[in-house]
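Number of protein chains: 2
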Amino acid sequence: MERLPGFRDFYPEPLPDAEAWSSSARRYIFEKWRSVATRYGFVEYDGPPIEPLELYTLKSGDEIVAQLYNFLDKGNRAVALRPELTPTLARMIAAHARNYKKPLKWFSMPQLFRYERQQKGRLREHFQFNADIVGEQGPGAEAELIALAIDTLRSFGLGSDDFVIRLSSRAAWQEFFIKNGGKPEDEYQFYQAIDKLERETEDANREKLKKLGFSLEQVYDFIKKAEPVDGLQAIIENLRARGLSEFVKIDYGVIRGLAYYTGMVLEAFDKKGEFRAIAGGGRYDNLVKLISKGKVDIPALGFGMGDVVLCELLKERKLLPQFKQTIDVYFCIEYESLRLESLSLIQKVRDSSYTVEYPLSSARYDKQFKRAVELDATWFIKLEKNSSGKIVAMVKNTRNREERAITPDEILNLLKPIPKNGII
Amino acid sequence: MERLPGFRDFYPEPLPDAEAWSSSARRYIFEKWRSVATRYGFVEYDGPPIEPLELYTLKSGDEIVAQLYNFLDKGNRAVALRPELTPTLARMIAAHARNYKKPLKWFSMPQLFRYERQQKGRLREHFQFNADIVGEQGPGAEAELIALAIDTLRSFGLGSDDFVIRLSSRAAWQEFFIKNGGKPEDEYQFYQAIDKLERETEDANREKLKKLGFSLEQVYDFIKKAEPVDGLQAIIENLRARGLSEFVKIDYGVIRGLAYYTGMVLEAFDKKGEFRAIAGGGRYDNLVKLISKGKVDIPALGFGMGDVVLCELLKERKLLPQFKQTIDVYFCIEYESLRLESLSLIQKVRDSSYTVEYPLSSARYDKQFKRAVELDATWFIKLEKNSSGKIVAMVKNTRNREERAITPDEILNLLKPIPKNGII
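Protein chains in written order, with my numbering: chain L, 1 to 424; chain X, 1001 to 1424.
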């Protein structure tokens, strides 16, 4: 039996093969995401992995359904596995905005799902770091959000040689669209066409734009001129004060595909251009109002950063640590007659927060010793009976190779202070 | 727009109402689960939240489909949201058993889904701590697993007055079933009937058993006699050596509903009997062989512990901590003319791992001070210009109320050593 195509199993170390995904790497990424978000004063939230289908079709229209894992549940509700978290956030904010001081700074790390054509490096699920600021109008919010995106990537060891955040303005594109006679019903398709400019052939781009009443040259010209509007300059200035301006550039080639953006939009890319976007987001001031059907009107902005592209980039740059299970204590049971006495001590040592391994059933001494070495145990402990029949604990510190024979009661005194625990 | 019935949103503190689920509580529970599992030498894994439907029908038969979130995906595959993790584990083990030293001790914290009739306290999803030992035959594995379940519950402050683990033997029940003339095709239904004994009326139980050729008295008698077989005595002895025997009792009233158990089975309950089972599991020596269609034959056992019942129990016992966002530094920006200088320092302080909040746009001083108090900031920092026009940092330690005027460069020296960070 195989898992579904486009989905991942996360294995413990040592990984079974080069293609396998590591649960330790997943955890490493999650912890960095959480720790930088916390440092920035963001607090965590989450919603359900399935939501009413309408939550996604409301703004994006029915076209989005083709890319969703959607179905009728047993209560005949049209539902979908979440393809993004922002509509859920908007729903949650709409329900309880009054309860929280503005601005809200919220983050989450949901697993998201899209039924997409299978391509290399393009899975049907990924985990995505989402950070959003709700209830703040000014460019200070944009700068805070971009700084968080930059510092998150920096926390993995990535520098300004590795990535850049391209800033653009959906508002500027909207103005361009209207000024040049675009029809309201074509607006979303126009953004989609601009969004795909860099991924499709010139002919395909020209053809699509022509249908919408635009020439490719006209569009290229607008991108080239790139006159910063809409507070982009203030955002850059704010980031410069933080010493982060080298990580951003204004680039109107970015527009983002989603329909709901209203102001600044951003995409983070690796500088060599080898990978898909590392992160993307923008301001979406009307979404909460739309989801709440007019009841709650509050400005908002956010970004998402997926784990798959990030993980590929970190691997390529050799920035992913080597993961390995380690333990504090290997408790060797050489004599089965001492198993119960050993178990009593194992419990005491674990109660003191040490990570302890031991053989669950009778095993040869050399096999146990080998296992202790594999697990890089700091301490190797074994009970013995001395010549007068008294039980003695042989305790070896594998770091300095000192070995001592002590009474079992003294074990905890010897181990203190608690070493760094064995969490991998 | 509402979320789907039976699903949860997880809000940050302060919670909007008494019914809301807390993302901080979820994280608190996850961290305890992970930390005790790690102390026991278990390593983390995970699989996809959707799997081929066949993975669940293979052993449990088509009846289980009525309780699943199942559908046809866009590639016409019959798939289901995972109702349990054990079949996924069996699939992963079957694929890569050879890569790992036996026994494997693996844990996971998946979200699981069941389409069930809505009842109080019965949701359609929950998170479940899963711990399994694979590749070990003897009762030492059972004892290790049960000790982990006990220590996990103890880590939340629950004691032997709060919960008990009832141990039983599916093997003993199977023997009883065969010896008393049960028909092979009724076996699964018989286990289901025994599993529901305590939750249904005597008449309903009598009726069901009669159809399967058994009398209720005969069944009660077997439960009352409860002659420990199948290594249960060795398990108890092992737990006694660890000082944990007060947390377990042999009780043949437990059998577990799932089809795949083969030996010891267990269920953990609160002692007052107010809640559904806190945890359940057992030995399932044939499942990997079944899932791998005979290719890999390896013994295994495990348990699952859901977050919903656990959280209700902890709330009832007042064992859930009060959660609250806290920060290290509130950086007050009283004068907008000093915003850029403030941002430069905020970045430096965050770079040193402190959690920092500040106003994203112009705000009154008293509002900022109030916010700093709400967030329980350890430090309150503000830039000012002194009479000679030089920028001075006013740094107040809110713990001892000492305030000092220093040069901005000295801030990091003053804050050191790094205080406990503001993770809630």
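The beta-carbon is built from N, C-alpha and C at its ideal position, and this holds for glycine as well.
| query | result |
| --- | --- |
| Based on Cα-Cα distance, which residue from X/F1007, X/K1102, X/Y1220 lies nearest to X/F1069? | Here the sequence assigns Tyr to residue 1069 of chain X, which means Phe is not the residue at that position. Checking every option, the nearest Cα to that of X/Y1069 belongs to X/F1007. |
| Would you identify the three-state DSSP class for X/A1099, choosing helix, strand or coil? | In the sequence under discussion, the amino acid at residue 1099 of chain X is Asn, which differs from the Ala named in the question. In the structure shown, X/N1099 sits in a helix (DSSP, three-state: H, G or I). |
| With distances taken Cα to Cα, identify the nearest neighbour of X/G1280 among X/S1353, X/F1163, X/K1183, X/E1334. | X/F1163 |
| Does any residue of chain X bring its CB to less than 8 angstroms from the CB of L/W106? | yes |
| Residue ranges of each beta strand (DSSP E) run of no fewer than 3 residues wholly in the stretch 1293 to 1354 of chain X, ordered along the chain? | 1300 to 1306, 1329 to 1332 |
| Can you tell me whether L/E200 is buried or exposed, with buried defined as 16 or more other CB within 10 angstroms of its CB? | exposed |
| How would you call L/I146, buried or exposed, if buried means at least 16 neighbouring beta carbons within 10 angstroms? | buried |
| In chain order, what residues of the same chain have a beta carbon less than 8 angstroms from the beta carbon of X/N1180, not counting five sequence neighbours either side? | G1213, F1214, Q1218 |
| Would L/I381 be called buried (16 or more neighbouring beta carbons within 10 Å of its own) or exposed? | buried |
| Going straight from the alpha carbon of L/G138 to that of L/V43, what length do you get? | 21 angstroms |
| Have a look at the DSSP bridge pairing and note the partners of X/F1163. | X/D1270 |
| Show which residues of chain X have a CB atom less than 7 angstroms away from the CB atom of L/N238. | L1343 |
| Under the assumption that X/Q1067 contacts X/Y1115 (Cβ atoms under 8 angstroms), give the Cβ distance between them as a whole number of angstroms. | 6 angstroms |
| Throw me the rounded Cβ distance for the L/K102 and L/G140 pair, which I believe falls under 8 angstroms. | The Cβ separation is near 13 angstroms, so there is no contact. |
| According to DSSP, is L/I423 helix, strand or coil? | Any answer about L/I423 is weak, because its pLDDT of 37 lies below 50 and its placement is not dependable; what the coordinates show is given next. Correct three-state label for L/I423: coil. |
| Near X/P1299, which residues of its chain fall below 6 angstroms by C-beta distance, leaving aside the five closest residues on each side in sequence? | Q1137, D1285 |
| Taking L/K59 as the reference, which of L/I133, L/G47, L/Y188 has the closest Cα? | L/Y188 |
| Alpha carbon to alpha carbon, what distance is there between L/A80 and L/L314? | 31 angstroms |
| Which stretch, first to last residue, makes up the beta strand (DSSP E) that contains X/L1383? | 1379 to 1385 |
| With the cut-off set at 8 angstroms, would you say X/L1085 and X/P1048 are in Cβ contact? | no |
| Residues in the stretch 1373 to 1392 of chain X with C-beta within 9 angstroms of chain L's C-beta atoms, listed in sequence order? | E1374, L1375 |
| List the residues of chain X whose Cβ lies closer than 7 angstroms to the Cβ of L/E44, in chain order. | P1012, S1023, R1027 |
| Does the distance from the C-beta atom of X/G1231 to that of X/E1142 stay below 8 angstroms? | yes |
| Grab me the residues of L/F113's own chain with a C-beta within less than 7 angstroms of its C-beta, minus the 5 sequence neighbours each way, in chain order. | Y69, L81, R82, P83, R124, E125 |
| Within 8 angstroms (strictly less), CB to CB, does X/Q1111 reach chain L? | yes |
| Say whether the stretch 315 to 329 of chain L touches the stretch 343 to 355 of chain L, bearing in mind that this needs 3 or more beta-carbon pairs closer than 8 angstroms, one atom from each stretch. | yes |
| Do you know offhand how far X/G1263's Cα is from X/Q1174's? | 9 angstroms |
| For X/P1005, which option in L/S24, L/N76, L/L148 has the closest C-alpha, if you only look at C-alpha atoms? | L/N76 |
| Suppose you measure from the CA of L/D366 to the CA of X/R1283; what does that come to, to the nearest Å? | 29 angstroms |
| Which residue comes first and which comes last in the beta strand (DSSP E) that contains X/V1036? | Not the beta strand (DSSP E): X/V1036 falls in the alpha helix (DSSP H), residues 1023 to 1039. |
| For my contact list, X/L1319 and X/F1156 are in at a C-beta cut-off of 8 angstroms; report their separation, rounded to the angstrom. | 6 angstroms |
| With a Cβ-Cβ cutoff of 8 angstroms, do X/Q1128 and X/G1306 count as a contact? | yes |
| For the stretch 1308 to 1341 of chain X, list every residue whose C-beta sits within 7 angstroms of some C-beta in chain L, in sequence order. | Q1325, I1327, L1340 |
| Which residues share a DSSP beta bridge with X/F1071? | X/V1079 |
| Near L/K271, what residues of its chain come up, given a Cβ to Cβ distance below 7 angstroms and the 5 sequence neighbours on each side ignored? | D161, D162, F163, V164 |
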